[in-house]
Amino acid sequence: MDDVETAEGGGAAGIYARESEYLGCYVQLGVAGGRLLSLSFPESADPSAGDDHELLDRIFAYLEGVEDDFSDVEIGLTVPTRHRNVLERVREIPYGEQVSVRDLAAITPDFDPENDDDLDDVRTALAENPLPLVIPDHRVRDGPSNAPPEIEQKLRAIEDL
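So for the sequence shown, the working numbering puts the first residue at 1; every next one is plus one.
Encoded structure:
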């Protein structure tokens, strides 16, 4: 496994955070077993958080305009299977491109873009996404994001969406 697959920093489990002037908050990661488990944007960092993590370096480069789709980051999702299917498709949306909720439903296995319940499941998966940015829900133009609205808009601005 390369560094990315071993949680970017040698596989050390823990919480890592760094303050972003651009976002006006911290970017905080939860890592265990060589996988990214959580990504959030708190106003203050967990007191036990370290700030030296290669994935944080990459995220901060992204925030400065360096194109990165984070597709090589190993993730650990603990979500229902239907939500996992949606979030896996979201990871495939290229940097700088966007889709609608209906488009996302159309490319997700076992979802019907004309079925309101399926569209609701897509929206729920997006709203509960534990890894916004790495699973780029900001690229779904008419869907919710688990990132706060002001963060979502800044991520969209970075990619000219």
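The C-beta atom is built at its ideal place from N, Cα and C for all residues, glycine as well.
Report the option in S44, P47, D72 and D46 whose CA atom is closest to the CA atom of E54.
Indexing the sequence shown from 1 puts residue 54 at position 54. Checking every option, the nearest Cα to that of E54 belongs to D72.
Could you tell me if N146 is buried or exposed, where buried requires 16 or more neighbouring beta carbons within 10 angstroms of its beta carbon?
Along the sequence shown, one-based indexing puts residue 146 at 146. Burial check for N146: the Cβ neighbour count within 10 Å reaches 16 or more, so the residue is buried.
In three-state DSSP terms, what is L56?
Here residue 56 corresponds to residue number 56 of the sequence shown, with the count starting at 1. In the three-state DSSP reduction, L56 falls in the helix class (H, G or I).
Whole-Å CB distance - H69 paired with P94, under 8 angstroms assumed:
Position 69 of the sequence shown, counting from 1, holds the residue named residue 69. Position 94 of the sequence shown, counting from 1, holds the residue named residue 94. The displayed chain sequence assigns Asp, not His, to residue 69. About 7 angstroms separates the two Cβ atoms, so the contact holds.
Tell me V31's beta-bridge partners as DSSP assigns them.
Within the sequence shown, the letter at position 31 stands for residue 31. Under DSSP, V31 forms a beta bridge with G14 and L36.
If distances are taken between C-alpha atoms only, which option among V66, G30, T78 and K154 comes closest to A45?
Locating residue 45 in the sequence shown gives position 45, where the first residue counts as 1. Of the residues V66, G30, T78 and K154, the one whose Cα lies closest to the Cα of A45 is G30.
Roughly how many angstroms lie between the CA atoms of P113 and S48, to the nearest whole one?
Residue mapping note: residue 113 aligns to position 113 of the sequence shown, counting from 1. Residue mapping note: residue 48 aligns to position 48 of the sequence shown, counting from 1. Roughly 44 angstroms separates the two Cα atoms.
Could you give the residue range of the alpha helix (DSSP H) that holds I107?
Along the sequence shown, one-based indexing puts residue 107 at 107. V101 to I107 is the span of the alpha helix (DSSP H), which, as asked, contains I107.
Using the C-alpha atoms, what's the distance from D116 back to G50?
For the purposes of this step, residue 50 is taken as residue 50 along the sequence shown, with counting starting at 1. For the purposes of this step, residue 116 is taken as residue 116 along the sequence shown, with counting starting at 1. Rounded to whole angstroms, G50 to D116 spans 43 angstroms at the Cα level.
Would you mind sorting P149 into buried or exposed? The rule is 16 or more other CB atoms within 10 Å of its CB.
As a working mapping, residue 149 is identified with position 149 in the sequence shown. P149 sits exposed, since fewer than 16 C-beta atoms from the chains shown fall within 10 Å of its C-beta.
Quick one: grab the DSSP three-state call for V140.
In the sequence shown, counting from the first residue as 1, residue 140 sits at position 140. The answer is strand: DSSP assigns V140 an E or B state.
Report the residue from G65, Y62 and G76 whose alpha carbon sits nearest the alpha carbon of A13.
Taking the first residue of the sequence shown as 1, we reach residue 13 at position 13. Out of G65, Y62 and G76, G76 has the C-alpha closest to the C-alpha of A13.
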